[in-house]
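According to UniProt numbering, the residues represented by the sequence shown are 1 to 107, in order.
What follows is a single structure, written as structure tokens, with notes after it.
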Amino acid sequence: MDYFSALILEQFVEIFDRQGDTFVETLKKVKPNESVNIYPLVTLYALDVICESAMGTTANAQLNSDSEYVRAVQELQKDIQQSHFLLNTQTVIPSVSIVIVIVFPTL
């Protein structure tokens, strides 16, 4: 039995495409010969894709990177990284950030 299939991804292509368009528009704002740290931009793109495809809600992280939701996810990521560092002070292991996203409905 296949637990994962490329066919599953087909239902999300529209989301990848739409969020990708937003990502490209963000990159177009970078001036020629200007240096840019792409990591935060890719992270916001991924957050938008994950929220919409896995949870059926839009975070609009790319358009509103200072939203309360984005700040909460960033704070959670920092806490996880700090905990990981404190637990692994005896060994040197490359840190991989895992972002756990919890969506609370608007009350």
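Virtual Cβ for every residue (Gly too), placed ideally from N, Cα, C.
| Item | Value |
| --- | --- |
| Alpha helix (DSSP H) segment containing Ala-6, residue limits | 6-10 |
| Exposure of Gln-61, with buried meaning 16 or more beta-carbon neighbours within 10 Å | At residue 61 the sequence reads Ala, which differs from the Gln that was named. Ala-61 is buried by the Cβ-count criterion. |
| Beta carbon of Tyr-39 nearer than 8 Å to that of Phe-23 | no |
| Residue burial classification, Asp-79 (beta-carbon count within 10 angstroms, cutoff 16) | exposed |
| The stretch 31-38 / the stretch 63-78 touching (three or more Cβ pairs under 8 Å) | no |
| For Glu-14, the three-state DSSP class (helix, strand or coil) | helix |
| First through last residue of the alpha helix (DSSP H) which encompasses Val-49 | 38-55 |
| Glu-52 vs Ile-8 beta-carbon contact at 8 Å | no |
| Length of the line joining the Cα atoms of Gly-56 and Gln-77 | 22 Å |
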